[in-house]
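Chemist:
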Amino acid sequence: MFASKKIVIWGTGNIARSFYYEKGCQYDIQYFIDNNQPKYKIGDLQVFTPDKVDLRRYKIVIATTKWKGIAEYLESCGLSFFEDYLPYSLMEIDEIPFMEILKRINVRGGG
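Residue numbering for the sequence shown is 135 to 245, as defined by the numbering used here.
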């Protein structure tokens, strides 16, 4: 999906770190985003707060269990599900959460 794209990872917790260390070699990861003020790097990558980066520059992988709140924030910034961001659990799709996708399409489409 995003394999040929440069991506950023939203999150710095266990899920984000696991995604980075287990799947990072499959993607061109640029940096991490976290809502808390970062004080460290993960691997050799910087961590930035969302207000310090251009959220439209790279595809975003949300690597946290509370991805829906972050998705709502990204959508309020004009970003789109799948086109601009995707939860980490959908990076390697084994099953498609149709209801969540339909809900997001309906919210954005106004119908």
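Here a beta-carbon is modelled for each residue, glycine too, at the ideal position from N, C-alpha and C.
Under a three-way DSSP split, which group does K175 fall into?
Modeler: In this structure, K175 counts as coil in the three-state DSSP scheme.
Chemist: With distances taken between CB atoms, is the gap from I194 to L208 smaller than 9 Å?
Modeler: Yes, Cβ-Cβ distance for I194 and L208 is below 9 Å.
Chemist: When burial is assigned at 16 or more other CB atoms within 10 Å of the CB, is F153 buried or exposed?
Modeler: Buried.
Chemist: Could you tell me the distance, in whole angstroms, from the CA atom of K173 to the CA atom of T183?
Modeler: About 11 Å.
Chemist: Tell me, to the nearest whole angstrom, how far the beta carbon of K157 is from that of Y192; I am working on the premise that it is less than 8 Å.
Modeler: Contact doesn't hold; Cβ gap of about 16 Å is too wide.
Chemist: Please return the same chain residues whose Cβ sits closer than 6 Å to the Cβ of I149, not counting the five positions on each side in sequence.
Modeler: Closer than 6 Å at Cβ, skipping near neighbours: A197 and T198.
Chemist: Using DSSP's beta-bridge definition, name the partner residues of V142.
Modeler: Paired residues: I194.
Chemist: With the cut-off set at 9 Å, would you say V142 and Q164 are in Cβ contact?
Modeler: For V142 and Q164, yes; Cβs fall inside 9 Å.
Chemist: Do the CB positions of R151 and I167 come within less than 9 Å of each other?
Modeler: Not a contact, by the Cβ cut-off of 9 Å.
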